[in-house]
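Below is one structure, written out as structure tokens; the observations come after it.
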Amino acid sequence: MNYWHPISSSFKQEPLLQYLGIGIASLLIILLLWRAYQRANQRFLVIRLSANLLAVIALLMIFLQPFKKVQIPNRTAIIATANAPLDSLVENANGKPVFVLSKDYSKAFFAEEAPIAIPHISILKDKYPDIQHLQLFGVGLPLSDLSYLDSFHIDKFQSATNGGILELKQPYEIEMGRPFQISGKYLSKRPSQKLELIGPNGKEELLMAKEEGLYNLEKVLQINQAGRYRYSLLENEKDTLGHFGVHVTAPSSIQSLIINNAPNFETKYLKNWLVDQGFAVAMRSSISKDKFKTDFYNQSSYPLSRLNTATLRPIDFLFISTSALMQMDKAERNTLHNAVNEGLGVCVWMDMPIDDIPSSIQRRWLAFSMKKGTPEISLPINKDFFILQRQAVDIPPSLGTITLAEANGKIFAATKPILFGQKALLLIQNSYLLQLDGQEETYHKIWKNILEKVARKKLNNTQWSLPKERPILIHQPLKLRFLSSTPSPKVFIQNGNATYEIPAMQYPFDEERWELNFIPKEEGWHQAYLEGESSFPFYVSGEKEWLDRRQAAVIKANSYHFSALKEQRLAKKENEQSYITSKEAFPTWPFFLVFLVSMITLWIEEKL
Amino acid sequence: MEKEKDIKDLFTHWLRSKQLESLLFTLSISLPITIFLSLILGWYSLLILLFVSLFSLSRNRQQQNNLQSFTNELDNRFPSLEHSSSLLSSSDEELSSLSLLQKQKVEEALNQISIAFPISRKSVYTLFAALLISTIMLLLWPLTKPFFHSSEAIKRSTNTNHSSLSANDTIQVIPEIQTLQINIQPPAYTALPSFESSAQEISIPYYSNVQWKVRFEGSVAAAKLVFGQGKELPLNKSNDNAWITSQTLKESQFFSLHFQDQYNNWHKSDYYQLNIIKDLAVEIEVNNLSQFAEYVFTKEKTITFNTLLKDDYGISNSYIVATLSKGEGESVTFKDDTLSFQQNFNRQKKEYNLQKSIKLTELGMEPGDELYLHVEAIDNRTPDPQLSKTYKYIIAFEDTTKVSKEMYGRMAINRMPDYFRSQRQIIIDTERLISRKGEMTANPFQNASNNIAADQKLLRLRYGQFLGEEFETVIGENGAADFPDHVHDETCAHDSTTVKVMGASLYLANHKQDGEANNKDVAQKSNKKEAPKAKKNPHEGHHHGSSQNDRATNSPIAVEEALLPYYHVHDIAEEATFFDAATTAKLRAALANMWDAELHLRMGEPQKALPYEYQALKLIKEVQQASRVYVERVGFEPPEIKVAEKRLSGELDEIQAPLNKKKKLIKAKYPHIQASISILEQMKVDFRYPRPEEKLQLQQAGEELASIVLKQENNFLLELQQLRSIMEKEIKVDQFLEYVQNIQRAFSTMVPTYEKPQKDKRGKHQLKELYLKAITD
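Chains A and B, in that order, give the protein sequences.
Counting in this note's numbering, the first sequence runs from 1 upward without gaps.
Counting in this note's numbering, the second sequence runs from 1001 upward without gaps.
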């Protein structure tokens, strides 16, 4: 059923304008009619009034642009996306139009011949309003375009992927020297497929798929130099599937302080080990009451006779024995405790039996639920056991306790987060024997783990995060999230010489959490940064890269999208008639004609 | 006047039309010419246009003054003017009456005709033709390019990136290496033939003379070899147009060939590697000679050993150096001697198997002396022959007359002479004998067991001394103690080995001397299954008195013995020992165990003797502990120190707190190589050559890589070459990535794995910090 609407759809969106227009027109009509009526010559009054009315109405119609709603019959069309059997579809279309997206096919299509190339799915609705039913072939549409299909009835005939990389996970930022893992899935559609990874360490074999099938990819890599590195994934030594980038951050130094009641081998070897790593180390040992021997390595000296906030602020890791703790007064211990709250990592070395330690110190510094244990611990090393002495207590695993070192199920070093810092406890008395016995590697492993877990964390003003989907692709929307306490942060993204300022959206219930959307237009390294802060680099892969992965993502997105709509959008039979309505603008030329005739009439009428 | 004006007006109109025609004509001529010349000469053609235009305008000027032409044209065009239009330009005064009449007539005729001066069609057609020609020229011009631009194309193609070319049009030819021959002459002593090679990597013997011979295609002004360390060796041109040089090489090198063309441009070749095969020293292997051997002195003692000598090229000489050491302490003397192998060494022979026998006494060795031997060998390398030595072999003659000191737990203790070996040593010897039982035949085994039994006996006698027993002071089979209280007669079944307790000789057992076993008694003893237990009666086991009658069971002595448990003997001095009863019993038990051990050892059953030996050892140790006397110290007793009061209470004003400052810099092994990895990555991603600031870093990295190649730590010669090619931009586009990746891979292998601990990261989240602070405060 057709009907027309006197008010244009555009006006419907602007109600104020709509009412204003009607009001002005009504006033005009009344004014003109009143003027016409007031004229002395009353002859042809009716003609005059009618002509005036018609002129005003015509003017009004021109101004308001009326339209009419038209119902049109249903039509079915075929949409062929990538991997669709295009020739077969065209051949067996049975009168149905076949559409392809220009970007899916590189060859040219001629207009008015099947298939019809369209640049984007959104024009289908406007250009072919009679098409209501779509049969979708191929891998499907990109996620961002799926919403355009919501108003259609869809029959999905989705193709499988051609194979290749379906999934890839890799970190975007790692510390120098830390091993990292890349993993993923590879679908081999042919036998004897070889995958290689080319990076800064040269070519490394990733997979040798002897038969067809789905394979899991896993590789542990390590880069020993800070910088930005690009990895290339090569198939059969000739086809580059794509690139991804990894940013390796420079190592951060750990400043340590060792406080002794008396010099001993354990702290001596620990100090030597820390110095060998290139760290700044300070050591304080009591030689008498209020007299200390202080040693400084790789740093300038500073007063250590009494610990205060200023002294502890630059320290990342503090190693202190329980006897030294007992030697301190309460104020100094409180200062230490406050420093832990602010991020300092303290490792307490229990160098005396627990019964000799006052309960106040136990409560605050040895806050682990301990029970009696053996005085020795056997460390398995190279199919042998190495015996180390320890305090005869056990630390059972519990909530909040992080194990730092254990042997045969017995924990001999553990830590607990205390606000922003860590309080750790070490039970071993003579780990230095490992060094004396030539087990430097084991010693290094144990203390490396303790140091990394306990030491003060490196504070980043802004913490960036990328979406899980990797690699990042060009021309695909990218959602970047970051945490920052800067109010109204200005975010910039730089690529080469171009810098863009991107507006960020704040989360409603977390004023420090922000999000921004960005569509990279160039491939290569990009940097995101807040004004005045260091940058966060990420790599964008090019348009011809990761085609298989893109296809797999499209297939997955389409499957999910259409399965969610399955109950709402049931396919209808072809011969079932259903109508949709379309808005057709009313031609305005009749109104112009009416206006003209009315004006002529008025003019002639005066001459009569 | 008005008519004159009119004629002048007409003339002006006519002139303008003529000028326009002239302009069109000029354009018609100059346009195609200009276009043609501009395609060849460029902007020079505009000058020609200007010239032609000026020429054309100058023609117009002539026409400007040519009124005559104007009137002629009028007359020709308008017959009604009767060829009298020139009269119109003259004044009336100048004309005759007839002329005046004619003038009037002409004026009338002029007024009746309309005069127009259109542009001639000819000029328009000419312009059109010119336009057509110009258009055709512009369209067809690209086809004519090869005929006019070929010389410039060649010039561009021969223009390389080296120094500027000369102004003339000659084509520069870059010389190339036609052949590079390396002739290697190994040193004469190796007896290796000389050989030639042109391979990229050649292995040559040490100290070979290497001759390079290069032939070039093209003209070369100079050539030189540049080695890895920067050292240069110029090549000299020979008569046959080859470039030659030579050098003797002692260490591995890599080099490249640099040659200069006639335009003073230097060109470089690839790198070549020369690996030196080192001449190894002689390998000496000595067999049948222990590192340390101690012998009992005999005059005929001779040692014999084999020596195997091996060398890669030849051995020139070998001998034994013997050093004899006599004396000890400050009076020690050394005497060196050189012994030959009695072998003629052929310098070319590479292997010898020599045997040598040395009679030690011939060298002057005596008991207590030590002889240090080692073998030396010299190879045939010329110059600088190499000397090899073996370890020192020590041969000593035992000096049994002196007590040797042993270091035991860092304390020098006097070790008792061999015949007073300890019980522990006896146990060790017994266990060793048991372990070697399978390797020995019956007789040597029995002898060894007997020897241990003798030691056990001597030890037993020694410990028996504490119980008042006599012990032997002389080693030997015939040693016997002289006991005045006892007289041997035929009834004595015992031998001279008797013991004496408290001045009386006692008869303990009917046994024989060393080396002879009393089978009967031994058989009786061997029937015992258990070790004898310690007897509680201290008096048991010994006799008082030594007369013959004592042996009778019903004798007074026997009676006395029976009464012994009921009373003590205190009048015998020897009975009063330091030991108490228990200790004495233990000692007696130990002695009894020693008896049994000795018994089984003499029977050749060391495994049965072992338990008795252990028991004896245990008892001796208990006796040692029991025999210690602890005496309380008397004298000054210091007052008790109150630690809590005294500790940390000293005056510390003058004591300074020690402060130490040290710096330990951890330097990267190859810092420039490490830094270059990220530079190469940027080059790879951006697909570009290094920037000037990056070039310096890469250059230094190249130097580090060159040092690695020279040290032959790794073979990165190809990567070094590729780095040089990149620095000098001498590679093809499709090779760039491959080169960069290769170099980056090589650099990455040089960088050690970074295993230092690092800080974990956390983000600054103020809200979270405030929240956590609030809940903990």
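Where a beta carbon is used, it is the ideal one built from N, C-alpha and C, also for glycine.
This one's a predicted model, so the numbers in the text were calculated from it and none came from an experiment.
Minimum C-alpha distance to residue i - residue among the options
{"i": "S122/A", "options": "Y148/A, F137/A, P142/A, D130/A", "result": "Y148/A"}
{"i": "T322/A", "options": "T309/A, I78/A, I354/A", "result": "I354/A"}
{"i": "R1215/B", "options": "I1202/B, N1236/B, K1608/B, T1126/B", "result": "N1236/B"}
{"i": "Q1355/B", "options": "R1628/B, Y1319/B, N1346/B", "result": "Y1319/B"}
{"i": "S256/A", "options": "E196/A, L344/A, M326/A", "result": "L344/A"}
{"i": "E1622/B", "options": "Q1423/B, T1382/B, G1650/B, K1586/B", "result": "K1586/B"}
{"i": "I474/A", "options": "V248/A, E501/A, F279/A, E545/A", "result": "E545/A"}
{"i": "P477/A", "options": "N495/A, V540/A, L427/A", "result": "V540/A"}
{"i": "R284/A", "options": "N261/A, V275/A, F265/A, N272/A", "result": "N261/A"}
{"i": "E1093/B", "options": "E1719/B, K1103/B, S1084/B", "result": "K1103/B"}
Endpoints, beta strand (DSSP E) assigned at residue i
{"i": "W349/A", "result": "345-349"}
{"i": "E196/A", "result": "193-199"}
{"i": "K1359/B", "result": "1351-1359"}
{"i": "L1371/B", "result": "1370-1379"}
{"i": "W1212/B", "result": "1208-1217"}
{"i": "K203/A", "result": "202-209"}
{"i": "K611/A", "result": "The structure shown does not extend to residue 611/A, since chain A spans only 1 to 608, so no value can be given for it."}
{"i": "I259/A", "result": "256-260"}
{"i": "I320/A", "result": "317-321"}
Collapsed DSSP secondary structure at residue i in the structure displayed
{"i": "D126/A", "result": "helix"}
{"i": "N1451/B", "result": "helix"}
{"i": "A1322/B", "result": "strand"}
{"i": "A1442/B", "result": "helix"}
{"i": "A1493/B", "result": "In this predicted model, A1493/B has a pLDDT of only 45, less than 50, meaning its place in the structure is not dependable; the value taken from the coordinates is given anyway. Coil."}
{"i": "K330/A", "result": "helix"}
{"i": "A1242/B", "result": "coil"}
{"i": "Y1272/B", "result": "strand"}
{"i": "F1636/B", "result": "coil"}
Residue(s) in a DSSP beta bridge with residue i
{"i": "A1223/B", "result": "F1259/B"}
{"i": "R513/A", "result": "L483/A"}
{"i": "R75/A", "result": "I131/A"}
{"i": "E173/A", "result": "H247/A"}
{"i": "Y1393/B", "result": "L1373/B"}
{"i": "K1662/B", "result": "Y297/A"}
{"i": "I377/A", "result": "L388/A"}
{"i": "W1266/B", "result": "Q1260/B"}
{"i": "Q494/A", "result": "T499/A, Q527/A"}
Segment limits, alpha helix (DSSP H) that includes residue i
{"i": "N1742/B", "result": "1733-1750"}
{"i": "Y1309/B", "result": "The question names Tyr, yet the displayed sequence has Leu at residue 1309/B. Taken as a continuous stretch (DSSP letters only), L1309/B belongs to no alpha helix (DSSP H), being part of the beta strand (DSSP E) at 1302-1310."}
{"i": "T1070/B", "result": "The sequence given here has Phe at residue 1070/B, not Thr. Per DSSP, F1070/B belongs to the alpha helix (DSSP H) from 1067-1077."}
{"i": "A117/A", "result": "First-last for A117/A: 116-118, but that is the beta strand (DSSP E), not the alpha helix (DSSP H)."}
{"i": "L1098/B", "result": "1097-1112"}
Min CB distance residue i to chain E below 7 angstroms
{"i": "R1762/B", "result": "Although the question refers to chain E, the structure presented lacks it and instead comprises the protein chains A and B."}
Chain A contact residues for residue i, given Cβ-Cβ distances below 7 angstroms
{"i": "P1757/B", "result": "I254, Q277, K448, L451, E452"}
Residues that residue i contacts on chain A, provided the C-beta gap is smaller than 8 angstroms
{"i": "V1751/B", "result": "N224, Q225"}
{"i": "R1745/B", "result": "P200, N201, G202, K203"}
{"i": "Q1741/B", "result": "I198, G202, K203"}
Interface partners of residue i on chain B, CB under 8 angstroms
{"i": "P251/A", "result": "Y1754, K1756, Q1758"}
{"i": "F296/A", "result": "L1659, N1660, K1661, K1662"}
{"i": "A414/A", "result": "Correct list: empty, because the minimum Cβ distance to chain B is about 17 angstroms."}
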